[in-house]
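Structure, as structure tokens:
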Amino acid sequence: MKRISSQPGNLMANRRGTLQPAIAVALLAVGAAMALVLNSLWKDAAVVELRSAAEAAALAAAGEYLNEARLDPRTDEETLAAMARQKAAVVAKANRVAGQPVQLNAAFAGDIVFGRRVDTPEYGPTFLQTDQGANAVEVRAARTRAFGNPLPFFLGGVTGQSTGDAIVSVEASFDNTIDHFRPVAGMPVPALPLAILAADPAGERIDTWQQRIVQRGGTDNFRFDAETRRVIAEPDGIPEMELNGVPLNTPASEANVVLLDLANGLDEMQINQQIIDGLNADDLQEWNGILPAQQPFNLAGMATITTPVQLAFEEMIGQQRICLLYGAQENLRVPGWAMVTCQGAVAIRILQVIPEANERATIVIQPTILTTRTAALAQFQSVEDEQQNNSWNTAAQRPQTYTPNPYIYKVYLNK
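The opening residue of the sequence shown carries number 0 in numbering that gives the first Met the number 0; numbering runs sequentially from there.
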């Protein structure tokens with residue numbers, strides 16, 4: 000009988016035994032490579048999430064620092080900065096990175112720092128930490144091993160690294176040297192077609208913005224509750240002013256407020272639409288799409304606040320809006336109409352609307368602090384933009400120097 004050798008079978012078995020460790024090593028290497036790729040993508044996603052949280056916190060801190068409470072002389076900026084840091088920490092915690100809420104240290108020298116960005120001869124642009132007169136806030140957000148909250152990685156036993164670090168730093172600046180306002184990305188300018196008497200050169204009238212608000216000669220009977228969004232009959236340290244329209248067939252010069260013809264023809268329905276919605280590009284097309292904040296310009300106005308317009312203002316009680324100031328005025332042939340020279344913008348909050356006889360009304364307002372993306376800063380005006388903005392009115396004169404606006408700011412993230 001012929002014997003059949005079993006050596007080939009043994010050889011195949013030996014080969015299989017030899018390949019199994021090699022395959023295992025190869026799979027391990029592939030798994031490690033995949034883990035490294037996944038960890039890199041995981042970290043990149045975490046950095047994006049962390050940056051979004053830090054940006055939201057920085058914008059929240061800036062907004063809280065610019066609280067209207069700073070219009071009360073009893074409020075100090077250290078208190079506002081402390082409140083702003085707490086606000087930023089709350090906003091950051093509402094965001095998650097790698098499944099965990101973002102934690103920020105809200106102490107004075109912690110992760111949320113206010114200061115001023117200044118130019119120094121030796122170091123160039125430098126951030127100086129201070130709560131007084133700040134114009135920027137830096138937020139540092141981190142998930143690190145040093146702070147005990149690192150990012151967990153995949154297959155740490157295979158890659159040799161079970162955790163990783165992610166750190167971002169963002170800065171938000173705020174500026175109130177406003178050149179003009181312009182609707183942006185479908186967002187109208189949050190402004191009313193309204194102007195308030197700025198001052199009386201003769202010094203005889205006391206129902207002016209200068210006397211009632213700047214000189215704090217107004218009453219203080221109301222406050223706005225931000226939580227309930229209601230006006231409450233309690234003082235808040237911020238002066239108030241009564242805007243008094245005139246009855247029908249009365250000269251506009253007797254009023255201290257006018258409704259402005261911003262492409263509305265002083266038509267009630269169009270005025271009401273602008274009161275509710277703000278000013279869009281069509282409303283400002285005659286002025287090349289902008290609303291000047293400092294240079295003077297002339298507009299027709301109406302000092303009679305009729306009942307339909309009063310109702311529109313009632314809908315705006317508690318809301319923040321921009322309005323203009325006016326100085327010189329000339330009565331027109333139509334009773335209650337005037338040509339006024341507007342110069343300067345302020346932010347107000349409507350507190351009360353009091354209807355009176357013969358289409359007359361009194362509107363109680365107080366100053367507020369408003370931040371808006373529609374504000375265009377003086378520091379960013381190019382020569383081309385200057386030429387474009389001045390072309391809408393040959394009488395418009397761009398100011399040689401810009402006066403900071405205590406009521407309106409633009410907040411933006413530095414790149």
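From the three backbone atoms N, C-alpha and C, an ideal C-beta is built for every residue, glycine too.
- Pairing PRO238 with ARG215 gives a Cβ-Cβ distance under 7 Å.
- Counting along the chain, PRO187 sits inside no beta strand (DSSP E), nor does DSSP assign it H or E at all.
- In the three-state reduction of the DSSP assignment, THR207 falls in the coil class, being assigned neither a helical nor a strand state.
- In this structure, ALA135 keeps its C-beta atom at 7 Å or more from the C-beta atom of ILE166.
- Rounded to whole angstroms, the gap between the alpha carbons of VAL308 and THR125 is 50 Å.
- Following the DSSP letters along the chain, one finds GLN319 inside the beta strand (DSSP E) bounded by residues 319-330.
- Inter-residue distance for LEU278 and PRO187 is about 5 Å (C-alpha atoms, whole angstroms).
- Linking GLU170 to ALA106 through their CA atoms gives a straight-line distance of about 17 Å.
- Looking at ILE177, PRO200 and ALA52, the one whose alpha-carbon comes closest to that of THR370 is ILE177.
- Of the residues assessed, ILE195 falls on the buried side of the cut-off, its CB having 16 or more other CB atoms within 10 angstroms.
- Look at the beta carbons and you see the segment 220-237 not touching the segment 274-288: under three pairs across the two are nearer than 8 Å.
- Boundaries of the alpha helix (DSSP H) around ASP276: 267-276.
- According to the DSSP assignment, ALA83 belongs to the alpha helix (DSSP H) that extends over 76-92.
- The beta carbon of GLN378 sits closer than 6 Å to none of the beta carbons in its chain outside the five residues before and after it.
- By the Cβ-count criterion, GLU358 is buried, with 16 or more other Cβ atoms from all chains shown falling within 10 Å of its own Cβ.
- The C-alpha of GLU77 is placed about 22 Å away from the C-alpha of GLN102.
- Counting only runs of at least 3 residues, the segment 206-235 fully encloses the following beta strand (DSSP E) elements, listed from N- to C-terminal order: 222-224 and 229-231.
- Annotation for ASN220: ALA232, PRO234 and GLU239 place their beta carbon closer than 7 Å to its own, counting only its chain and skipping 5 residues before and after.
- In the same chain as VAL96, and ignoring 5 residues on each side of it, the C-beta atoms closer than 7 Å to its own belong to ALA45, GLU48, LEU49, ALA52 and ARG142, in chain order.
- Linking ALA201 to ASN255 through their CA atoms gives a straight-line distance of about 15 Å.
- If you look at GLN342, you'll find it in the beta strand (DSSP E) that goes 336-355.
- Taking 8 Å as the upper bound for CB-CB distance, ILE304 and LEU265 are not in contact here, some 12 Å apart.
- Distance from the CA atom of PHE173 to the CA atom of GLY132, rounded to whole angstroms, is 11 Å.
- Sixteen is the threshold: when 16 or more other Cβ atoms of the shown chains lie within 10 Å of the Cβ of ALA80, as they do, the residue is buried.
- In the three-state scheme derived from DSSP, where H, G and I count as helix and E and B as strand, GLY132 is classed as coil.
- In its chain, beyond the 5 residues on either side, ARG211, PRO238, GLU239 and MET240 have a beta carbon closer than 6 Å to the beta carbon of GLY217.
- VAL230 sits close to LEU350, with the two beta carbons spaced by under 7 Å.
- Out of THR367, ILE275 and LYS86, the CA that lies nearest to the CA of ASN104 is found in LYS86.
- Annotation: LEU412 to ASN404 spans about 20 Å, alpha carbon to alpha carbon.
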